[in-house]
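Student: Structure provided below as structure tokens; questions to follow.
Numbering (our numbering), first residue to last: 50 to 314.
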């Protein structure tokens with residue numbers, strides 16, 4: 050079975066560690082922990098338009114917590130940014146109404162592509178929103194995928210007929226999505242758009258969310274994700290379990306944050 054480093058990218062005094070400590074004590078003890086993870090949470094807007102929030106809720110409801118994403122991903126973003134590992138082109142898959150990639154620093158030349166089934170296809174400054182069922186990435190000949198690709202190419206000002214340099218993204222972020230899609234085909238498809246040396250940042254808790262919408266081939270065990278990444282020539286640089294009880298070693302069904310680097314060809 051493939052193994053991966055378990056050391057954190059940040060020290061024990063980071064906001065993430067403090068949040069995990071709060072989950073383990075006082076605020077979220079015992080049965081309350083499960084309740085916090087499984088129940089709907091208040092929406093927190095990071096510059097999301099009200100219209101987009103309503104559209105997104107019609108598809109997915111309010112079963113995801115933007116505040117949880119901020120606590121778990123912000124320290125990882127900050128550390129990678131300080132090391133110059135985020136890059137200029139970021140893709141946010143299943144971005145929802147409050148894209149977590151908006152937490153990243155705004156730098157000259159940095160651009161974001163936000164992909165979501167309930168997106169409005171709008172564009173503003175350095176950000177392009179793309180309406181797309183992400184599972185169509187496994188079948189790029191579909192009309193919806195080809196339209197999305199043309200829109201992205203216009204945003205990046207490149208020729209949509211050129212496939213030789215499809216791998217342009219520096220970072221692809223996927224959070225709270227892999228339970229709802231054929232996770233291996235989605236990751237494999239979007240990996241084609243990563244540069245060699247580019248990174249997946251993945252956060253997911255197997256079996257959490259709206260079970261009625263789960264995909265039969267969705268992620269059910271974190272070890273399946275580790276195995277897939279190794280087979281697809283990704284190096285797992287970081288793996289952490291922000292809300293796992295102290296002393297616990299089980300990984301299969303824990304909330305996990307992974308940074309995986311695409312090996313060069």
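No residue lacks a Cβ here, since even glycine has one placed at the ideal position from N, Cα and C.
Indicate the three-state DSSP secondary structure (helix, strand or coil) for residue 253 in the structure shown.
Tutor: strand
Student: So, under 8 Å CB-CB, residue 153 and residue 135 are touching, yes? Tell me the CB distance rounded to an integer number of Å.
Tutor: 6 Å
Student: So the candidates are 177, 216, 220; which of them puts its Cα closest to the Cα of residue 203?
Tutor: 177
Student: Figure out for me which residue from 267, 286, 274 has the closest Cα to the Cα of residue 184.
Tutor: 267
Student: Our contact map puts residue 198 next to residue 209 with C-beta atoms below 8 Å; I'd like the distance itself, whole angstroms only.
Tutor: 6 Å
Student: Per DSSP, residue 287 is paired with what?
Tutor: 308
Student: By DSSP, does residue 261 sit in helix, in strand, or in coil?
Tutor: helix
Student: In whole angstroms, what separates the C-alpha of residue 244 from that of residue 216?
Tutor: 5 Å
Student: Which ranges does the alpha helix (DSSP H) cover as unbroken runs of at least 4 residues, wholly within the segment 150 to 225, from first to last along the chain?
Tutor: 192 to 205
Student: Quick check on the DSSP output: the beta strand (DSSP E) that includes residue 138 runs from which residue to which?
Tutor: 138 to 142
Student: According to DSSP, is residue 118 helix, strand or coil?
Tutor: Here DSSP, grouped into helix, strand and coil, assigns residue 118 to helix.
Student: Would you say residue 141 reaches chain C, if we count a Cβ-Cβ gap shorter than 9 Å as a contact?
Tutor: This model lacks chain C altogether; it includes just one protein chain.
Student: Where does residue 276 fall in DSSP's three states?
Tutor: In this structure, residue 276 counts as helix in the three-state DSSP scheme.
Student: Verify whether the separation of the beta carbon atoms of residue 130 and residue 162 is less than 9 Å.
Tutor: no
Student: My output table needs one value for residue 245: the three-state DSSP class, helix, strand or coil.
Tutor: strand
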